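Enquirer:
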Amino acid sequence: MRQAQHTLTVATKGKGLVEITREVKRWVEGQGISTGLLTLYCRHTSASLLIQENADPDVRTDLETFFEEIAPETRDYVHDAEGPDDMPAHIRTALTHTSLSVPVISGALALGTWQGIYLFEHRRAPHSREVVLHLIGE
Amino acid sequence: MRQAQHTLTVATKGKGLVEITREVKRWVEGQGISTGLLTLYCRHTSASLLIQENADPDVRTDLETFFEEIAPETRDYVHDAEGPDDMPAHIRTALTHTSLSVPVISGALALGTWQGIYLFEHRRAPHSREVVLHLIGE
Amino acid sequence: MRQAQHTLTVATKGKGLVEITREVKRWVEGQGISTGLLTLYCRHTSASLLIQENADPDVRTDLETFFEEIAPETRDYVHDAEGPDDMPAHIRTALTHTSLSVPVISGALALGTWQGIYLFEHRRAPHSREVVLHLIGE
Chain A
1 MRQAQHTLTV
11 ATKGKGLVEI
21 TREVKRWVEG
31 QGISTGLLTL
41 YCRHTSASLL
51 IQENADPDVR
61 TDLETFFEEI
71 APETRDYVHD
81 AEGPDDMPAH
91 IRTALTHTSL
101 SVPVISGALA
111 LGTWQGIYLF
121 EHRRAPHSRE
131 VVLHLIGE
Chain B
139 MRQAQHTLTV
149 ATKGKGLVEI
159 TREVKRWVEG
169 QGISTGLLTL
179 YCRHTSASLL
189 IQENADPDVR
199 TDLETFFEEI
209 APETRDYVHD
219 AEGPDDMPAH
229 IRTALTHTSL
239 SVPVISGALA
249 LGTWQGIYLF
259 EHRRAPHSRE
269 VVLHLIGE
Chain C
277 MRQAQHTLTV
287 ATKGKGLVEI
297 TREVKRWVEG
307 QGISTGLLTL
317 YCRHTSASLL
327 IQENADPDVR
337 TDLETFFEEI
347 APETRDYVHD
357 AEGPDDMPAH
367 IRTALTHTSL
377 SVPVISGALA
387 LGTWQGIYLF
397 EHRRAPHSRE
407 VVLHLIGE
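Residue numbers (this note's numbering), protein chains in the order written: chain A, 1 to 138; chain B, 139 to 276; chain C, 277 to 414.
(1) So, is residue 57 of chain A buried or exposed, given that buried needs 16 or more other C-beta atoms within 10 angstroms?
(2) Between the C-alpha atoms of residue 16 of chain A and residue 120 of chain A, what's the straight-line distance to the nearest angstrom?
(3) May I ask which residues mark the beginning and end of the alpha helix (DSSP H) holding residue 284 of chain C?
(4) Could you tell me the alpha carbon to alpha carbon distance between residue 226 of chain B and residue 310 of chain C, rounded to whole angstroms?
(5) Can you grab the Cα-Cα spacing for the pair residue 219 of chain B / residue 322 of chain C, in whole Å?
(6) Would residue 235 of chain B and residue 187 of chain B be called neighbours here (beta carbons separated by less than 8 Å)?
(7) Between which two residues does the alpha helix (DSSP H) containing residue 33 of chain A stretch?
(8) On the CB-based measure, 16 or more other CB atoms within 10 Å of its CB, does residue 384 of chain C come out buried or exposed?
(9) Just the C-alpha distance for residue 248 of chain B and residue 170 of chain B, rounded to the nearest angstrom, thanks.
(10) Is the stretch 280-289 of chain C touching the stretch 388-406 of chain C, taking contact as three or more C-beta pairs under 8 Å?
(11) Can you list, in chain order, the residues of its chain whose CB lies under 6 Å from that of residue 330 of chain C, leaving out five sequence neighbours each side?
(12) Do we get a CB-CB distance below 8 Å when we pair residue 72 of chain A with the residues of chain B?
(13) Report all residues from its chain with a CB closer than 7 Å to the CB of residue 37 of chain A; omit the five preceding and five following residues, and keep chain order.
(14) Please name the residues in the stretch 152-179 of chain B whose beta-carbon is closer than 7 Å to at least one beta-carbon of chain A, in chain order.
(15) Using 10 angstroms around the beta-carbon of residue 92 of chain A, count the other beta-carbons present and answer buried if the total reaches 16, otherwise exposed.
(16) Would residue 137 of chain A count as contacting chain B if we go by Cβ distances under 8 Å?
(17) Can you give me the Cβ contacts of residue 145 of chain B inside the same chain, cut-off strictly under 6 Å, excluding the 5 residues immediately before and after it?
(18) List, in chain order, every chain A residue whose beta-carbon is nearer than 7 Å to that of residue 372 of chain C.
(19) For the stretch 235-247 of chain B, which residues have a CB atom closer than 8 Å to at least one CB atom of chain C, in sequence order?
(20) Between residue 281 of chain C and the rest of its own chain, which residues show a CB-CB distance below 6 Å, the 5 nearest in sequence each way excluded?
(21) Which residues in the same chain have their Cβ closer than 7 Å to the Cβ of residue 59 of chain A, if we skip the five residues on either side of it in sequence?
(22) Taking 8 Å as the CB-CB cut-off, is residue 197 of chain B touching chain C?
(23) Could you please give the first and the last residue of the uninterrupted beta strand (DSSP E) stretch that includes residue 129 of chain A?
(24) Could you work out which residues of chain B lie near residue 53 of chain A, taking near to mean beta carbons separated by less than 7 Å?
(25) Please specify which runs of the alpha helix (DSSP H), each continuous and at least 4 residues long, are wholly inside the stretch 332-390 of chain C, giving them in chain order.
(26) Is the CB-CB distance between residue 68 of chain A and residue 85 of chain A below 8 Å?
(27) If the cut is a Cβ gap below 7 Å, which residues of chain C does residue 257 of chain B touch?
(28) So that I know if they touch, is there some Cβ in chain A lying closer than 8 Å to that of residue 253 of chain B?
(29) In chain A, which residues lie with their C-beta within 7 Å of the C-beta of residue 216 of chain B?
(30) Does any residue of chain F bring its CB to less than 8 Å from the CB of residue 148 of chain B?
(31) Taking its Cβ as the centre, do 16 or more other Cβ atoms sit within 10 Å of residue 338 of chain C, making it buried, or is it exposed?
(32) Taking just the CA atoms, how far does residue 214 of chain B sit from residue 203 of chain B?
(33) Rounded to whole angstroms, what is the Cα-Cα separation between residue 256 of chain B and residue 159 of chain B?
(34) Would residue 237 of chain B pass as a contact of residue 178 of chain B if the rule is Cβ separation under 8 Å?
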């Protein structure tokens, strides 16, 4: 049994879903692990992880609209020192995922046909985000 | 340290929570692992995983109503080519879980007294869903 | 490769976020694992796990308000035999996390600068909650 770890740095352009499937796959496939488990971990509280459909880009638009409306910037928050988009970002992070695990079968991620892995940026400004990858298997 | 993997196929009858605790337990207990970690992974973006109360079926009814109302089919979505229930299904998947992990202690899943494992079908039509089980331990 | 497991008992004072970062860190650092993966598992359906900002306490206040409003006690639930706060507790659990994983790098949890680990109590009354910790690595 072996382990490997890697930190992926993801540049975001402000609010929205950034697909990282290709970068994640490339790293996993380079580790020579045939059977195992990949865990992704997002080191932030205003960005998160999501596995979603990667076929129709309209799905991403509707997801972004939904999360915009469920935690609107116009709401009255106690925590507002870091800007109107900060507290909504924490709420959206709570509603989505900080960690995600995907099995590795025959050397490949067990993603379904339409599944892509996304970093979900919740702040207005572009950010540099860190996603830690942990792989265990043999 | 050993690993085992298995794909569970779950037949759904349209929207709703389908309990899979028994099938998952049966597979885990057949692997001869005493101490370890089970990870479940749902290979879909319109169905998800949830650990919830398995005592009163009313809890499932209320959960289904809640998720029906938070992402209603009547809402105006950009993505509507696959039917009015498709985009709500993606949103409900984002709000619940694509992967879940449960420790194995003394050969048994560490589920609490009232916890059951569910596949949450978000589409109207019956589907065949794949849940990958990954077990590591010894 | 080694594993270690431990059950953390968390006393809550009713609804709210209880930080458990220190207790989790202390246990992890005592296991002598340099590279690995920690998984936390909450054995309840009316309490859950969350990784959130641990700097400004106002963030916790706003999160608690958000979850209070998204699943209000005043709503009409079918399941109400266990009190008006029970069904909202199940919904809040579904929207947050029952399991969470955090990589261990150089003997320390890979938490970001502002990240803390919280148990989220969703019932009005104080409870004793169990969080199972599973660590694998070497």
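Built from N, CA and C at the ideal position, the CB exists for glycine as well.
Since the model is a prediction, treat every value here as computed from it, not as a measurement.
Expert: Judging by the given coordinates:
(1) In the first sequence, counting from the first residue as 1, residue 57 of chain A sits at position 57. Classification of residue 57 of chain A: exposed, given that the 10 Å Cβ count is below 16.
(2) Here residue 16 of chain A refers to the residue found at position 16 when the first sequence is read from its first residue. Here residue 120 of chain A refers to the residue found at position 120 when the first sequence is read from its first residue. The C-alpha of residue 120 of chain A is placed about 6 Å away from the C-alpha of residue 16 of chain A.
(3) Start at 1 with the first residue of the third sequence, and residue 284 of chain C comes out as number 8. Per DSSP, residue 284 of chain C belongs to no alpha helix (DSSP H); it is in the beta strand (DSSP E), 278-287.
(4) Here the question's residue 226 of chain B lines up with position 88 in the second sequence. Here the question's residue 310 of chain C lines up with position 34 in the third sequence. CA-to-CA, the gap between residue 226 of chain B and residue 310 of chain C works out to about 43 Å.
(5) On the second sequence, residue 219 of chain B is found 81 positions in, with the first residue counted as 1. On the third sequence, residue 322 of chain C is found 46 positions in, with the first residue counted as 1. Their backbone Cα atoms lie some 37 Å apart in a straight line.
(6) Position 97 of the second sequence holds residue 235 of chain B. Position 49 of the second sequence holds residue 187 of chain B. Note that the C-beta distance between residue 235 of chain B and residue 187 of chain B is below 8 Å.
(7) Working through the first sequence from its first residue, we reach residue 33 of chain A at position 33. Counting along the chain, no alpha helix (DSSP H) covers residue 33 of chain A, and no H or E run does either.
(8) Taking the first residue of the third sequence as position 1, residue 384 of chain C is located at position 108. By the 10 Å Cβ count, residue 384 of chain C comes out exposed.
(9) Reading the second sequence from its first residue, position 110 is the one you call residue 248 of chain B. Reading the second sequence from its first residue, position 32 is the one you call residue 170 of chain B. Cα-Cα distance, rounded: 16 Å.
(10) Yes: at least three Cβ pairs fall under 8 Å.
(11) As a working note, residue 330 of chain C is residue 54 in the third sequence. If the five residues before and after residue 330 of chain C are omitted, its C-beta is found closer than 6 Å to the C-beta atoms of 392, all from its own chain and listed in chain order.
(12) Translated into the one-based positions of the first sequence, residue 72 of chain A becomes position 72. It does not; no Cβ of chain B falls within 8 Å.
(13) On the first sequence, position 37 is the one that residue 37 of chain A refers to. Shown here for residue 37 of chain A: same chain residues with a beta carbon closer than 7 Å to its own, the five before and five after excluded, namely 101, 103, 104, 136, 137 in chain order.
(14) Of all residues in the stretch 152-179 of chain B, the ones placed with a Cβ closer than 7 Å to any Cβ belonging to chain A are 177, 179, in chain order.
(15) On the first sequence, position 92 is the one that residue 92 of chain A refers to. Residue 92 of chain A is buried by the Cβ-count criterion.
(16) In the first sequence, residue 137 of chain A corresponds to position 137, counting from 1. At a cut-off of 8 Å between C-beta atoms, residue 137 of chain A counts as an interface residue with respect to chain B.
(17) Locating residue 145 of chain B in the second sequence gives position 7, counting from the first residue. Around residue 145 of chain B: 268, 270.
(18) If you number the third sequence from 1, residue 372 of chain C lands on position 96. 94, listed in chain order.
(19) Answer set for the stretch 235-247 of chain B: 235, 238, 239, 240, 241, 243.
(20) Walking along the third sequence from the start, residue 281 of chain C turns up at place 5. Counting only Cβ-Cβ distances below 6 Å, and skipping sequence neighbours, we find 410.
(21) On the first sequence, residue 59 of chain A is found 59 positions in, with the first residue counted as 1. Apart from sequence neighbours up to five positions away, the residues of its chain that approach residue 59 of chain A with a beta-carbon distance below 7 Å are 52, 53, ordered along the chain.
(22) Residue 197 of chain B sits at position 59 when you count from the first residue of the second sequence. Cβ-Cβ to chain C under 8 Å: yes for residue 197 of chain B.
(23) Against the first sequence, residue 129 of chain A aligns to sequence position 129. 128-137 is the span of the beta strand (DSSP E), which, as asked, contains residue 129 of chain A.
(24) Sequence index remark: in the first sequence, residue 53 of chain A carries index 53 (1-based). Going along chain B in sequence order, the residues near residue 53 of chain A (Cβ under 7 Å) are 183, 228.
(25) Here the runs fully enclosed are 333-346, 362-371.
(26) Locating residue 68 of chain A in the first sequence gives position 68, counting from the first residue. Locating residue 85 of chain A in the first sequence gives position 85, counting from the first residue. No, they are not a contact pair.
(27) Counting from one through the second sequence, the residue named residue 257 of chain B turns up at place 119. Chain order gives no chain C residues near residue 257 of chain B, where near means a beta carbon separation below 7 Å; the closest approach is about 14 Å.
(28) Sequence index remark: in the second sequence, residue 253 of chain B carries index 115 (1-based). No, because no Cβ of chain A sits closer than 8 Å to the Cβ of residue 253 of chain B.
(29) As a working note, residue 216 of chain B is residue 78 in the second sequence. Near residue 216 of chain B (Cβ distances below 7 Å), the residues of chain A are 58, 61, 62.
(30) Absent from the structure: chain F. Protein chains present are A, B and C.
(31) Counting from one through the third sequence, the residue named residue 338 of chain C turns up at place 62. By the neighbour-count rule (16 or more Cβ atoms within 10 Å), residue 338 of chain C is buried.
(32) Translated into positions along the second sequence, residue 203 of chain B becomes position 65. Translated into positions along the second sequence, residue 214 of chain B becomes position 76. Distance between the alpha carbons of residue 203 of chain B and residue 214 of chain B is about 19 Å.
(33) Against the second sequence, residue 256 of chain B aligns to sequence position 118. Against the second sequence, residue 159 of chain B aligns to sequence position 21. The alpha-carbon separation between residue 256 of chain B and residue 159 of chain B amounts to approximately 7 Å.
(34) In the second sequence, the residue the question calls residue 237 of chain B occupies position 99. In the second sequence, the residue the question calls residue 178 of chain B occupies position 40. Contact check for residue 237 of chain B against residue 178 of chain B passes: the beta carbons are separated by less than 8 Å.
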